[in-house]
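A.B. asks: One structure follows; several queries about it will come next.
Residue numbers (the numbering used here), protein chains in the order written: chain P, 1 to 672; chain E, 673 to 744.
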């Protein structure tokens, strides 16, 4: 019965191998290396020979005994099988011998060599089943081949997904476009980007306007408009119009190169799970080898000496050999880094750049998220948010304020200019006096306009109406009469509240907000967003000490993440367990300082990043448990004699394939 | 000094073994093998010539995994 199953399996192997070798393997995009092709040919040859040998009836060899000399058939049969064994397994045997010479004894080559040579020896002794040794070697090689093919292919697929590297840049020379290597383009060159092409190098648009698809960088699918004079970063795809760009950086310094560098090197920073597995693999293989040795020697001795039974060496040696087959730790060793690699790849497609597997791991344990207010939860841009108690039209009041403040470059003044919308006509303004820390008094259209805070009004003895809103208040008085006030505040990002709720959903226990702003503003923002704790009026140095204080408060494995805009919070970013920088498009400082970089400034991405890390780590643990569980089960079954070598091989290869497929799931994070 | 080399190695466990072998080579301060991107990042100790050190690293790696390749 088993023979028939094996024959059928062999036929399946032959057909599949032939398909792979002659159809997939000959395609240029088949993704097979030369080594893999050679191996596949060997597998194919060995299976064909094995199947033929299986189908030749034993009687034929028996007849040879009568025709030639008594053991002729036996030896001929052995020679055929031995030849086939060498075709499929010579490299394993060679590696095993070399391993012994190099004192690297316990690797899987040694195991396979011992297991199959052992099975071969048993077969010669019994003049029987050479099939098993060859089949085990064959299936092991098929497993190895499949592993290298599957891993290679998924490695390439993930890399391709992450590949935003531009292949060329168009430079105009003598009136015609020439494609050159982006590396060769010097700063200050004008490059041309046609619709449908990637922007290869950072620069400034000197001609043309277009919509840009930034999804490869930010995961954001809405196109972004760009026009002459705008800065443009590499990695975007030009969608509609022709753009001429004056480069401001070399290719190596451009955003796209930095991101690629970062993502490619991310998996070099190993996580604790990976370290655990590589340490485990180092102990696992020798441990199984010694157990196999013990299994082969001890029970027969015990039977012989203590129980007075027959030693039954054959059975126990066979069980020990089965044991050895299961001992390869490859499924474990491969699936963990592959999971992290896929997770980092999937995250980068969503605009979340993770600088290392270790950070992805820490992120999944995040329990406390500390925010810097400005630029993360709020826009970081001051805007006119309200005009109260105005005696005149709102627009008129803004106009007076904007004109009075027109000489100042303060952010408040800038926000007034923006609200005014037109370029202030400076000829209408005269006698500007800035009163430091209070405001401005100026003559606008012949009227004396005072614009400033409470203190300015008090100084001028003008009664004013205080504002109950949080923010910066600009009172306006015209010719000594109170004309109302303008409320300027930093506005909360539209997604901030949802983002905080999503974080809570993702398992974050505590949210904290740090800000240098006044208490009133801080508490109002925190209240509207449902943030647990607020610390206000902090100087930059205070933020570091607050984070240290919070780090001291957390317990166990919980991790603290700090989210900032990366502009002036680099010390805090590096002090926290995980530093997350937001809105990093084009900001080098943020990319340098943070462990995790969010390419756009949507706070929802923080929760998304945490969910991605949770999913990825979940898959890592699944793989560890599955691989160890199946191996342990097979070891036990093998030891008690319930598992034969075929089961052992299938356990080994099957677990590996399942683990690889499971690892690939880390890539699919779009809908988290 | 830190340098990155392209490598070719088939199995993840072999990559681990290569990493170990590289770390133990004289003149290597730190070494990381990235199986996924097929790269080896080697940090050299002061006063060691990367070229000669890498020859030894290659030799050590060939010892543990005959099938591997480092493109120097």
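Think of the CB as a built atom: it goes at the ideal place given N, C-alpha and C, for glycine as much as any other residue. Computed from a prediction, not measured in an experiment: that's the story for all the values here.
1. Taking CB distances under 8 Å as the criterion, tell me whether residue 42 of chain P reaches chain E.
2. Does residue 731 of chain E have its Cβ less than 8 Å from a Cβ in chain P?
3. Within a Cβ cutoff of 7 Å, which residues of the same chain sit near residue 667 of chain P, ignoring the five residues on either side of it in sequence?
4. Given residue 416 of chain P, which residues of its chain have a CB within under 8 Å of its CB, disregarding the five upstream and five downstream residues?
5. Under a three-way DSSP split, which group does residue 558 of chain P fall into?
6. Among P:262, P:439, P:424, P:425, which has the Cα closest to the Cα of residue 412 of chain P?
7. Mind listing, in chain order, the continuous alpha helix (DSSP H) runs of no fewer than 4 residues lying wholly within the segment 396-474 of chain P?
8. Would the beta-carbon of residue 736 of chain E fall within 8 Å of that of residue 708 of chain E?
9. Drop a sphere of 10 angstroms on the beta-carbon of residue 213 of chain P, count the other beta-carbons inside from all chains shown, and report buried for 16 or more, exposed for fewer.
10. Taking 8 Å as the limit between beta carbons, can you name the residues of its chain near residue 510 of chain P, skipping five residues before and five after?
11. Contact criterion: CB-CB distance below 8 Å. Does residue 669 of chain P meet it with respect to chain E?
12. Check residue 120 of chain P in the structure and name its three-state DSSP category.
13. Under 8 Å between beta-carbons, which chain E residues line up against residue 102 of chain P? List them in chain order, please.
14. Distance, Cα to Cα, residue 721 of chain E vs residue 734 of chain E?
15. Thinking C-alpha only, which one of P:515, P:464, P:640 is nearest residue 476 of chain P?
16. Taking residue 330 of chain P as the query, report the chain E residues whose CB atoms sit under 8 Å from its CB, ordered along the chain.
17. Looking at residue 649 of chain P: is its Cβ nearer than 8 Å to the Cβ of residue 168 of chain P?
18. Would you please verify whether the beta carbon of residue 690 of chain E is less than 8 Å from any beta carbon of chain P?
19. What is the residue span of the alpha helix (DSSP H) that residue 724 of chain E lies within?
20. Taking Cβ positions only, does residue 267 of chain P come closer than 8 Å to chain E?
21. Contact between the segment 284-300 of chain P and the segment 321-339 of chain P: three or more CB pairs below 8 Å?
22. Between which two residues does the alpha helix (DSSP H) carrying residue 277 of chain P extend?
23. Within the 8 Å Cβ cut-off, does residue 648 of chain P reach chain E?
24. Which residues in chain E have a C-beta closer than 9 Å to the C-beta of residue 98 of chain P? List them in chain order.
25. Just list the beta strand (DSSP E) runs in the segment 570-607 of chain P, keeping only unbroken ones of 3 residues or longer that don't cross its boundaries, in chain order.
26. Counting only C-beta atoms, is residue 697 of chain E closer than 8 Å to chain P at any point?
27. Would you mind sorting residue 155 of chain P into buried or exposed? The rule is 16 or more other CB atoms within 10 Å of its CB.
28. Taking all protein chains shown into account, do 16 or more other C-beta atoms lie within 10 angstroms of the C-beta of residue 81 of chain P, making it buried, or fewer, making it exposed?
29. Helix, strand or coil: which one does DSSP assign to residue 232 of chain P?
30. Using alpha carbons as the reference points, say which of P:241, P:236, P:207, P:57 lies closest to residue 228 of chain P.
31. What did DSSP end up calling residue 226 of chain P once you bin it into helix, strand or coil?
32. Taking only beta-carbon positions, decide if residue 726 of chain E is within less than 8 Å of chain P.
33. Reducing DSSP to helix, strand and coil, say where residue 35 of chain P ends up.
34. Tell me the rounded alpha-carbon separation between residue 120 of chain P and residue 296 of chain P.
35. DSSP three-state label for residue 103 of chain P, please.
36. Name the residue from P:578, P:611, P:614 whose alpha carbon lies nearest to the alpha carbon of residue 597 of chain P.
C.D. replies: In this structure, then:
1. Not one chain E Cβ lies under 8 Å of residue 42 of chain P.
2. Not one chain P Cβ lies under 8 Å of residue 731 of chain E.
3. In the same chain as residue 667 of chain P, and ignoring 5 residues on each side of it, the C-beta atoms closer than 7 Å to its own belong to 158, 342, 345, 346, in chain order.
4. Correct list, in chain order: 384, 398, 401, 402, 405, 474, 486, 488.
5. coil
6. Checking every option, the nearest Cα to that of residue 412 of chain P belongs to P:439.
7. 411-420, 454-459
8. no
9. Around the beta-carbon of residue 213 of chain P, 16 or more other beta-carbon atoms lie within 10 Å, marking it buried.
10. 367, 368, 369, 532, 533
11. Cβ-Cβ to chain E under 8 Å: no for residue 669 of chain P.
12. Secondary structure at residue 120 of chain P: helix, using DSSP grouped into helix, strand and coil.
13. What residue 102 of chain P touches in chain E: 735, 736.
14. 20 Å
15. P:464
16. 683, 684, 685
17. no
18. no
19. Residue 724 of chain E -> alpha helix (DSSP H) spans 722-736.
20. yes
21. yes
22. Unbroken alpha helix (DSSP H) run through residue 277 of chain P: 272-302.
23. no
24. 735, 738
25. If we require 3 residues or more, the beta strand (DSSP E) runs fully inside the segment 570-607 of chain P come out as 578-581, 596-598.
26. no
27. buried
28. buried
29. Residue 232 of chain P: strand per DSSP, three-state reduction.
30. P:207
31. strand
32. no
33. helix
34. 16 Å
35. Residue 103 of chain P: coil per DSSP, three-state reduction.
36. P:578
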